[in-house]
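Engineer: Before we start, here is the structure in question, set down as structure tokens.
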Amino acid sequence: MSTPLRVIQKNEVRWQDEPQDDDDDDGKDGNMSVNSADSLLSEESVEADEEHDDLEDEHEKIKKSILSKKDLKAVWRLRCGVTIVLLGTASAVCALIYSITATGDDEDFEAQYRTNAVKVVQSFEAVLTKITIISQLAIAVTAEGIQQQNNWPFITLSAFQERARAAMDSSQALYVSINPLVTVDHLEQWEEFVLDGQQNHWIAEGHALQQELGIDDLEDDEAVARTWGYQNRTEVVAPMHTFTATGSPILSSGLYPAPDLMLPRWQTSPVLYANWVNEDLFHRKDGGELAQECFDKQAVIVGRFHMVPPGTINSSNLETAFFATLRSMNSGAPVYHHGDPMAHAVFPIFDSLSSTNTNTSTSTKQMVAMIAATFRWKFFFQEVLSGYDSVTLVLHNDCDGAFTYEIHGPSVRLVGQGDYHNTELDHFLYEARLENTVLKDGTVEGLGFNQDNCPYSIRVYPTDDYKESFESYNPAILTMTIAATFAVLMVLFGVYDRIVDHRQKQVLHKATKSTALVASLFPKQIRDQLLGEATGGGAGNFKGFENRDPNAPIADLYPHCTVFFCDIAGFTAWSSTREPAEVFELLQTLYGAFDEIAKKRKVFKVETIGDSYVAVTGLPEAQPLHAILMAKFASDCIERMNRVVGVLRKKLGPDTSELGMRVGMHSGPVTAGVLKGDRARFQLFGDTVNTAARMESNGAKNKIQVSYSTYDELVKQGKEHWLTPRDDLVQAKGKGAMQTYWLVIPDKSSRGGSTTQSSSVRSANSGQIPGSVMVGDDDDICCQHGEKEKNISPAEEAEKESRLVEWIVKTLKEELQKLAFTRKQVKATTFKAKHPYRRQSSIEEVSEVLVLSKVPAPNVDVGMDVGQEVVSELTEYVQAIANMYNDNAFHCFEHACHTTMAASKYLKRLVAPRGHEYIQRIKSDRLTTLAILFSTLIHDADHRGVSNNRLIEEDEQIAAKYGNKSPAEQNSLDTAFELLMDDEKFHALKECLFHSNQDLQHFRQVLVNSIVATDIFDAELQKLRKERWEKAFSSSKEYRSSGEDLDDLRSSVIIEHIMQASDISHTMQHWNVYRKWNSKLFEEVYSAYIAGRSEQDPSRFWYQGEIGFFDNYVIPLAKKLKESNVFGVSSDECLNWALKNRDEFQACGEEIVSEMIQEVKSKFPSSGPSISTKDITEMMTTESASSCLEGSDHKHKTVFELDV
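Residue numbers (UniProt numbering): 1 to 1204.
Now the structure itself:
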């Protein structure tokens, strides 16, 4: 058997097993009117299809008339012209922008490079200036010689280290030495001179200075050890000598014959090895030629590139060790010499500062010594540039060729020997040469500088990277931006062109949509009239609108119509216990189903107002069978209503299936039209509409009441067998007494057809109608409850309980799934839940503060699957709890479900405004939420139907067990919790609930606090609750608290109030909900009275007791919900309903009590004589107050003493 309901997205409902529109059930009449009616129905369907085709043809004609060929051609020409102009302009602008921006980048590069190249050239030219500084030292030596009467070569310059280091620092020289010219005649005397301690003291002084500077221990002892005659670092070698490249000594006599003129190394800075003193530089391979050229030309000479293998101060190559040592002492730490080009410069020292020799009075001064200086070419170009500036430097001399450097900001890197610059950049060349010149050393003649042998020059080029850094993407980006701008303009133009090209199509599309919208709101003729005004046309071809002024009101009289009114019985009370989203889900699903039926039955839907649905047949086109069409529509709606609520009860609550629908129908003339203005609507006017509304308001749940006029129309069409006269006359407002009829379309299942009403509806609609039907929206609920309780069968009672269990399981399952989702990151636990240790009395476990989780959990709407085993055990447990509830009128399983629904609503409506962030702990702690819902489920389990005081008297065992403290609440808690913790049951459910003993303890703690909170008449507990409220929310300093304890305390108090409000939620809901549960409570208390379990008749104090209960407990509790500021609009809703119900009960409570007494006495005939309203009034004025305070077993007995 197929399922009648299939729910898809957005709560849209599609129905299967739709009843077929079949009139075969009327065949038994065999009259011509029925056959003609069927043919008319078929003709109406064909006419409707033809009207739809005509509408499409009309739209096509409008489209063709608007889209003229001339307009299309003009638009095409405009499109082509604008496109060509845009393309041409875009190309020209892009080319111009790219050229300008690219040229600007080149100019920026050339300007910056020019600046950098000039800096490098100036640095190279400054080499002469730095060389001149060394020449100042030569002048100082000459002056020293003059002072010592030119006793050459036996001259030692005083303060040599200080003078030499100053010159080296300024000239960037690494090494300076004074080398006197010694002839063979003076050799023996010279060798004695260098050994004289008074003359070579500069060695020790130099070492002392270098030690102070921390650079005296960097020389290579191994290299020194290889030298000839080494004794210690300060011992001078007297014989004139030189060294091979490996450091082997060569004596000036013996292996190497001494020349006529020698150039021994004398004073040096820095001081390296003492045995290097007296080395003949004329015989050094790298310096002999340079010294000879200086001697010959009497001028400063810069030697060739001096290249040595790379290495450290420990290198076996003496020259490598020499340069590495010099660089290390210059840096202050050992460094690696990379073998980059070095240079030596030789400066002549004369015996006179003028051209006349002071000793010989000759006209020519004599060279008597030389200064040798060592430079590193790289040093001259460091710190020249800054930042990211870079150039390629080619250093060249005519003897050795070129070396290429790259200068990157302050650093210089040797590329290699040779010219490695990018030849494509030759046009950026900057160059400079060291020319022969005279250095201005302070003397009159100056000092000659000669570069004839190996002249030096530099060539400067930009590096590839530096040039590319100026080749930015800016020109391309700007050009692309301009191009994109034009592209956007072209796209916009294309869009605009398309809009223009299709503007009438869009107008037509909008007109079609408007037609569809108007068609759904208005009948066809009204729609055509409105559309005719919009297009400037008329609607003169339609009946009723001939030659009408388009600006005239749109209205007409339709003489043959049937109006349908329906209202959901019980909706207002039902909606007061639901979330707004749930209310709209019901209405949206239900009205969507009605709309589908209306479309099928060709019924025009007029409007929906709240839970009322209005429809009409017979307009705008005449429908001879308007009454039959509406009768079938009404029957289908009732059948569909019962199916919808039956399906939605699983989601919206079990009492959803108790909703019904009252339907009223009346036939007659109707004035219909459109009230223009904002939100224009199609309206029905006239007595027919009012009478149809009276038929609905005076109807009964799941009944279709029709007037005599509709009855007459149906009889004319042979449908008299559908109608049953109502037993009594209806007193309709403004109509007087009216004879009405119940419409019931017979079942077709006996002939194999589909049913128009379900069996449940037929059973509900069968039998006699009550003689007194209450008028109003939901008033029939009150009397319906009484009838159900009287006549409900065991099977129906079991089915009702099954629905309640199913809903509870669904609610708890959703919370279990959310709990499982929050724990999905936690590993599977092996914790086995066991009954925790507890005291004999559960009330001793009540904690003032519940400690909730402070870890925020994800707020999810849908959890993760918990498995079928958990659901099965949950169902078993809930069913077991349902079986624990006794057959009480009030404290029953249905009351537990009602309390659970209220608690679920309060939990969902919790909000956390500023200053109340602690509420998030309740909302995110899924275990706490589950515990609260479990508490509402079990809080009245095994309730005995009497107050705690009476229970103590009746059951001494329970009284002794719980110490006369809240025995009913503790018994419910223990009974239900013992069942859950049964070692033989519910293993999967407990594993899902509890992952640790801490979870179990917390779950029980919330249960204990929540269930004990429902005992509102224990004075001691009430006092403690009041103190906790003051501590949590009072601004008084006496109760002020702070920190985490305050947040936990507030959370605990809120949980208690949720439980208390849920337990009496019926007092803060719709009047009919309050009436229902108040009647049940009265019945429970009265049944205890007539059973001898209560000493006083509740009828004598009920009226004043309820008012006192509202004044002293319900309304103060509702106010506290509002004061807590965490329940959002729900607190206002609770307070408003409480005040309304209190006022309503005060106004008519005496009559209500009288009705309840009569109803209860009808159930218990032996309970005593009937009591009238007058009797109730007299009792209330004479006995009720004292009765309330003196001994009733009802829970309201101390209501005047309540202090919430």
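Yeah, the Cβ is synthetic: ideal placement off N, Cα and C, and Gly gets one too. Note that the structure is a prediction, hence the values are computed from the model and not measured.
With a threshold of 16 other CB atoms inside 10 Å of the CB of S331, please say whether the residue is buried or exposed.
Structural biologist: Per the 10 Å Cβ criterion, exposed.
Engineer: Expressed to the nearest angstrom, what Euclidean distance is found between the alpha-carbon atoms of Q683 and T691?
Structural biologist: For Q683 and T691, the distance between alpha carbons rounds to 16 angstroms.
Engineer: In or out: A903 buried (at least 16 other Cβ within 10 Å) or exposed?
Structural biologist: Classification of A903: buried, given that the 10 Å Cβ count is 16 or more.
Engineer: According to DSSP, is M665 part of a helix, a strand, or is it coil?
Structural biologist: Three-state DSSP puts M665 in a strand.
Engineer: In terms of residue numbering, what span does the alpha helix (DSSP H) encompassing A208 cover?
Structural biologist: Start and end: H201 to L213.
Engineer: Mind reading off the beta-carbon distance from L852 to I922? Whole number of angstroms is fine, and I expect it under 8 angstroms.
Structural biologist: Rounded, the Cβ-Cβ distance is 7 angstroms, consistent with contact.
Engineer: According to the Cβ coordinates, are K688 and P669 closer than 9 angstroms?
Structural biologist: Strictly speaking, residue 688 in this sequence is Thr, with Lys absent from that position. Yes, Cβ-Cβ distance for T688 and P669 is below 9 angstroms.
Engineer: Expressed to the nearest angstrom, what Euclidean distance is found between the alpha-carbon atoms of L353 and N179?
Structural biologist: Those two C-alpha atoms are separated by around 18 angstroms.
Engineer: Tell me whether I597 is buried or exposed, calling it buried when 16 or more other Cβ atoms sit within 10 Å of its Cβ.
Structural biologist: Under this definition I597 is a buried residue.
Engineer: Report, in whole angstroms, the separation of the C-beta atoms of V346 and Q451, which I expect to be a contact under 8 angstroms.
Structural biologist: Actually they do not touch by this definition, with Cβ atoms about 13 angstroms apart.
Engineer: Under 9 angstroms, do A896 and L937 count as touching if we go by C-beta distance?
Structural biologist: Result yes, Cβ atoms of A896 and L937 sit closer than 9 angstroms.
Engineer: State whether the segment 999-1015 contacts the segment 930-948, with contact taken as three or more CB pairs (one from each stretch) at a distance under 8 angstroms.
Structural biologist: As far as the Cβ criterion goes, the segment 999-1015 touches the segment 930-948, which means the pair count is three or higher.
Engineer: So which of H943, N949 and N948 has the shortest CA-CA distance to A976?
Structural biologist: With distances taken between Cα atoms, A976 lies closest to H943.
Engineer: Nearest to F322 by alpha carbon, out of P270, V866, S386 and N888?
Structural biologist: Nearest option by C-alpha distance: P270.
Engineer: Contact defined as beta carbons within less than 8 angstroms: I believe N278 pairs with V384. What is the distance between those atoms, to the nearest angstrom?
Structural biologist: Wrong, their Cβ atoms sit about 40 angstroms apart, outside the cutoff.
Engineer: Which term fits K965, buried or exposed, when burial requires 16 or more other beta carbons within 10 angstroms of its beta carbon?
Structural biologist: With 16 or more other Cβ atoms within 10 Å, it is buried.
Engineer: Distance check for I84 and R77, CA to CA, integer angstroms please.
Structural biologist: One C-alpha to the other measures close to 11 angstroms.
Engineer: When we look at the beta-carbon of A573 and count the other beta-carbons within 10 Å, is it buried (16 or more) or exposed?
Structural biologist: Counting Cβ neighbours within 10 Å, A573 comes out buried, since at least 16 surround it.
Engineer: Starting from R640, trace the beta strand (DSSP E) both ways and give me its first and last residue.
Structural biologist: First-last for R640: H626 to L652, but that is the alpha helix (DSSP H), not the beta strand (DSSP E).
Engineer: I need the DSSP call for W266, collapsed to helix, strand or coil.
Structural biologist: Of the three classes helix, strand and coil, the one that applies to W266 here is coil, per DSSP.
Engineer: Could you name the residues that DSSP lists as bridge partners for Y1074?
Structural biologist: DSSP, once it has assigned bridges, lists no residue as partnering Y1074.
Engineer: Using beta-carbon positions only, say whether I1152 and R1075 come within less than 9 angstroms of one another.
Structural biologist: Contact flag set, yes.
Engineer: Helix, strand or coil for E471, going by three-state DSSP, please let me know.
Structural biologist: Here E471 sits in coil by DSSP.
Engineer: From E582, A627 and S576, pick the residue whose C-alpha is nearest to that of C561; which is it?
Structural biologist: Cα-wise, what sits closest to C561 is A627.
Engineer: Any contact of the segment 876-894 with the segment 1073-1093, i.e. 3+ C-beta pairs under 8 angstroms?
Structural biologist: Flag = yes, the segment 876-894 and the segment 1073-1093 touch.
Engineer: Per DSSP, what are the beta-bridge partners of F685 in this structure?
Structural biologist: BP columns for F685 point to T671.
Engineer: Helix or strand or just coil, what does DSSP make of L393?
Structural biologist: L393: strand per DSSP, three-state reduction.
Engineer: Let me know the secondary structure DSSP gives P746 once reduced to three states.
Structural biologist: Coil, per DSSP.
Engineer: Does the contact criterion of 3 or more C-beta pairs under 8 angstroms hold for the segment 639-655 versus the segment 600-607?
Structural biologist: The segment 639-655, when compared against the segment 600-607, does not touch it at the 8 angstroms Cβ threshold.
Engineer: Would you list, in sequence order, the uninterrupted alpha helix (DSSP H) runs of no fewer than 4 residues that lie entirely inside the segment 413-494?
Structural biologist: If we require 4 residues or more, the alpha helix (DSSP H) runs fully inside the segment 413-494 come out as 464-470.
Engineer: Secondary structure at S386, three-state DSSP: helix, strand or coil?
Structural biologist: In the structure shown, S386 sits in coil (DSSP, three-state: anything other than H, G, I, E or B).
Engineer: Could you pull the start and end residues of the alpha helix (DSSP H) that I597 belongs to?
Structural biologist: First-last of the alpha helix (DSSP H) with I597: P580 to R601.
Engineer: Using only the alpha-carbon positions, how far apart do H421 and D400 sit?
Structural biologist: Going from the Cα of H421 to the Cα of D400 covers about 18 angstroms.
Engineer: Taking 9 angstroms as the threshold (C-beta atoms), are L723 and L743 in contact?
Structural biologist: Yes, the Cβ-Cβ distance between L743 and L723 is below 9 angstroms.
Engineer: Given a cut-off of 9 angstroms on the beta-carbon distance, is the pair D465 and S390 in contact?
Structural biologist: The answer is yes: Cβ separation under 9 angstroms.
Engineer: So if DSSP puts E279 in a beta bridge, which residue, or which two residues, is it bridged to?
Structural biologist: Its beta-bridge partners are H241.
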